[in-house]
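S.K.:
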Ligand SMILES: [Fe+2]
């Protein structure tokens, strides 16, 4: 997007995945990944899945999306989901899906166990699929206290909307003392600056779509995305923006003091924080701390962008908080699965690492 300065160089956050004889990340690899996670809030593990394993993940996503009864996500963005600009939905807890998740957890065990105990719940397994005409999400933080994973099951190019991150903006004890004690305030100013540009980008794009036969708007879609009273945090909805009804970005955030600070810091902010867009190759897995600033960009290509996503809690979590911020499949709610369950579960048939029998009945369909 021309209005936002976005770097496509993720090399500073990448670790080539190296596996030991048990099929897990080597200790050196785990150490390096943890350093990235702590310092920047994310790590990009290249080549973690083989092409065959990535194909299996892609097939699971395709099967889910082809199911008219699939469980659609209630977030980011509902309007895009309604008009099939995105298809964010949870994968059912079938044996193949659970084993695919188990393969990832077992391979990444050294990283997961640093942040999440074995009893911590699996919050969701989802697919983040987006199509031409989707909106660019606002820069936001997901509910804190979660380790989230994105797996590229096929090559994702920038035009398809690989996830954008702001490295180093995750929160932890004392993080606010950085940048002369103004870290959180500066991060918020940067977020507002970016989101203003994203609002303009989305509005401009929607206006152009009105006359674009290649991306026809559905009846009512323009109004729903610009002036709807319905809750949606990631549309350029001017009504909710003006009324202050969007927690991610609204006119409420533009008080006189904030405007003055934005003006004074306008150049410094770009020097302090960088937007980095991932364009993961097939088999790459991204792990990030959920409170890291990030966004799912719009898909600007005719090729669907499909990602496999999974989130594991780092602590106990209230069901309301869990269900507000994540989309567990109904079966996962009925039969919760923990990180320990996934570490003990048989992995995908393609993973030749010997593993013990499952302990949890929830893992046997
Ligand atoms: Fe998010």
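Residue numbers (my numbering): 1100 to 1464.
Where a beta carbon is used, it is the ideal one built from N, C-alpha and C, also for glycine.
Bear in mind that the values here come from a model prediction, so they are computed numbers and not experimental data.
Thinking just about the alpha-carbon of each residue, which of 1118, 1366 and 1406 is nearest to the one in residue 1082?
M.R.: Coverage of the chain is limited to positions 1100 through 1464, which leaves residue 1082 absent and any answer about it impossible.
S.K.: Near residue 1464, what residues of its chain come up, given a Cβ to Cβ distance below 7 Å and the 5 sequence neighbours on each side ignored?
M.R.: To locate residue 1464, count along the chain shown from 1; it is residue 365. Because residue 1464 sits at a pLDDT of 43, beneath the cut-off of 50, its placement in the model cannot be relied upon, and the following sentence gives the value as read from the coordinates. Taken in chain order, the residues that qualify are 1193 and 1194.
S.K.: Where does residue 1120 land, buried or exposed, given buried means 16+ other C-beta within 10 angstroms?
M.R.: Residue mapping note: residue 1120 aligns to position 21 of the chain shown, counting from 1. With fewer than 16 other Cβ atoms within 10 Å, it is exposed.
S.K.: Just to confirm, does residue 1175 get its C-beta within under 7 Å of one of the non-hydrogen atoms of ligand 1?
M.R.: In the chain shown, the residue the question calls residue 1175 occupies position 76. True, at least one ligand heavy atom lies under 7 Å from that Cβ.
S.K.: Cα-Cα, which of 1155, 1287, 1183 and 1378 is closest to residue 1262?
M.R.: Along the chain shown, one-based indexing puts residue 1262 at 163. If we check each option's Cα against that of residue 1262, 1378 comes out closest.
S.K.: If we ignore side chains and look at the alpha-carbon of each, how far apart do residue 1284 and residue 1387 end up?
M.R.: Here residue 1284 is taken as the residue at index 185 of the chain shown, counted from 1. Here residue 1387 is taken as the residue at index 288 of the chain shown, counted from 1. Cα-Cα distance, rounded: 22 Å.
S.K.: Quick one: is the Cβ of residue 1393 within less than 7 Å of any heavy atom of ligand 1?
M.R.: One-based indexing of the chain shown puts residue 1393 at position 294. Checking every heavy atom of ligand 1 against the Cβ of residue 1393, one is found closer than 7 Å.
S.K.: Are there any heavy atoms of ligand 1 lying less than 7 Å away from the beta-carbon of residue 1239, as far as the coordinates show?
M.R.: Residue 1239 sits at position 140 when you count from the first residue of the chain shown. Checking every heavy atom of ligand 1 against the Cβ of residue 1239, one is found closer than 7 Å.
S.K.: Check the DSSP bridge columns for residue 1387 and list the partner residues they point to.
M.R.: Mapped onto the chain shown, residue 1387 falls at position 288. In DSSP, residue 1387 forms a bridge with 1141 and 1247.
S.K.: Identify whether residue 1463 lies in helix, strand or coil by the three-state DSSP scheme.
M.R.: Residue 1463 sits at position 364 when you count from the first residue of the chain shown. No answer about residue 1463 holds up, because its pLDDT of 42 lies below 50 and its placement is not dependable.
S.K.: Compare the C-beta of residue 1372 with all C-beta atoms of chain D and state if any pair is closer than 8 Å.
M.R.: Reference to chain D is not applicable here, since this structure consists of a single protein chain.
S.K.: Distance check for residue 1369 and residue 1302, CA to CA, integer angstroms please.
M.R.: Start at 1 with the first residue of the chain shown, and residue 1302 comes out as number 203. Start at 1 with the first residue of the chain shown, and residue 1369 comes out as number 270. Rounded to the nearest angstrom, the two C-alpha atoms are 23 Å apart.
S.K.: For the candidate residues 1313, 1318, 1267 and 1254, whose alpha-carbon lies nearest to that of residue 1181?
M.R.: Within the chain shown, the letter at position 82 stands for residue 1181. Of the listed residues, the one whose Cα sits closest to residue 1181 is 1318.
S.K.: Determine the extent of the alpha helix (DSSP H) in which residue 1341 is found, giving its start and end residues.
M.R.: Start at 1 with the first residue of the chain shown, and residue 1341 comes out as number 242. 1337-1342 is the span of the alpha helix (DSSP H), which, as asked, contains residue 1341.
S.K.: Leaving out five residues before and five after residue 1196 in sequence, what residues of the same chain have Cβ atoms less than 7 Å from its Cβ?
M.R.: Locating residue 1196 in the chain shown gives position 97, counting from the first residue. Excluding positions up to five away in sequence, the list reads 1159, 1190 and 1224.
S.K.: Would you mind stating whether residue 1375 and residue 1106 have Cβ atoms separated by less than 8 Å?
M.R.: Translated into the one-based positions of the chain shown, residue 1375 becomes position 276. Translated into the one-based positions of the chain shown, residue 1106 becomes position 7. The answer is yes: Cβ separation under 8 Å.
S.K.: Over what stretch of residues does the beta strand (DSSP E) that includes residue 1223 continue unbroken?
M.R.: Here the question's residue 1223 lines up with position 124 in the chain shown. First-last of the beta strand (DSSP E) with residue 1223: 1221-1229.
S.K.: For residue 1231, collect the residues of the same chain with a Cβ closer than 6 Å to its Cβ; drop the 5 residues on either side in sequence, then sort them by chain order.
M.R.: Locating residue 1231 in the chain shown gives position 132, counting from the first residue. Once the five neighbours on either side are set aside, the close Cβ partners of residue 1231 are 1314, 1398 and 1401.
S.K.: May I ask you to verify whether the region 1258-1274 touches the region 1331-1348, counting CB pairs closer than 8 Å and requiring at least 3?
M.R.: As far as the Cβ criterion goes, the region 1258-1274 does not touch the region 1331-1348, which means the pair count is below three.
S.K.: Below 6 Å CB to CB, which residues in the same chain sit around residue 1456 once its five sequence neighbours on both sides are set aside?
M.R.: Position 357 of the chain shown, counted from the first residue, corresponds to residue 1456. Legend: pLDDT at residue 1456 = 48, less than 50; position of this residue unreliable, value from coordinates given subsequently. Cβ within range, chain order: n/a, list empty.
S.K.: If we call anything under 8 Å between Cβ atoms a contact, is residue 1199 one with residue 1147?
M.R.: As a working mapping, residue 1199 is identified with position 100 in the chain shown. As a working mapping, residue 1147 is identified with position 48 in the chain shown. Cβ distance not < 8 Å, so residue 1199 and residue 1147 don't count as in contact.
S.K.: Once the 5 residues before and after residue 1291 are set aside, which same chain residues still bring their CB inside 8 Å of it?
M.R.: For the purposes of this step, residue 1291 is identified with residue 192 of the chain shown, where counting begins at 1. Cβ neighbours of residue 1291 beyond the five flanking positions: 1348, 1352, 1353, 1357 and 1361.
S.K.: Return the residue from the list 1218, 1187 and 1131 that minimises the CA-CA distance to residue 1404.
M.R.: Working through the chain shown from its first residue, we reach residue 1404 at position 305. Of the listed residues, the one whose Cα sits closest to residue 1404 is 1187.
S.K.: Select from 1297, 1201 and 1110 the residue whose C-alpha is nearest the C-alpha of residue 1409.
M.R.: The count along the chain shown starts at 1 and reaches residue 1409 at position 310. When only C-alpha atoms are compared, the closest one is 1201.
S.K.: Can you give me the start and stop residues for the alpha helix (DSSP H) that residue 1406 sits inside?
M.R.: Taking the chain shown and counting its residues from 1, one reaches residue 1406 at position 307. Not the alpha helix (DSSP H): residue 1406 falls in the beta strand (DSSP E), residues 1404-1412.
S.K.: Locate the alpha helix (DSSP H) running through residue 1096, then write down its first and last residues.
M.R.: With the chain covering only 1100 through 1464, there is no way to say anything about residue 1096.
S.K.: Among 1253, 1287 and 1359, which residue has its Cα nearest to the Cα of residue 1153?
M.R.: Here residue 1153 refers to the residue found at position 54 of the chain shown. Residue 1253 is the option with its Cα nearest to residue 1153.
S.K.: When you compare the region 1229-1243 with the region 1387-1396, are there three or more beta-carbon pairs, one atom per stretch, that lie closer than 8 Å?
M.R.: The answer is yes - the region 1387-1396 touches the region 1229-1243, with three or more Cβ pairs under 8 Å.
S.K.: List the DSSP bridge partners of residue 1333.
M.R.: Counting from one through the chain shown, the residue named residue 1333 turns up at place 234. The partner list for residue 1333 (beta bridge, DSSP) is empty, contrary to what the question assumes.
S.K.: Is it buried or exposed, residue 1342, if we count other Cβ atoms within 10 angstroms and call 16 or more buried?
M.R.: Your numbering for residue 1342 matches position 243 in the chain shown. Exposed: under 16 other Cβ atoms inside 10 Å.
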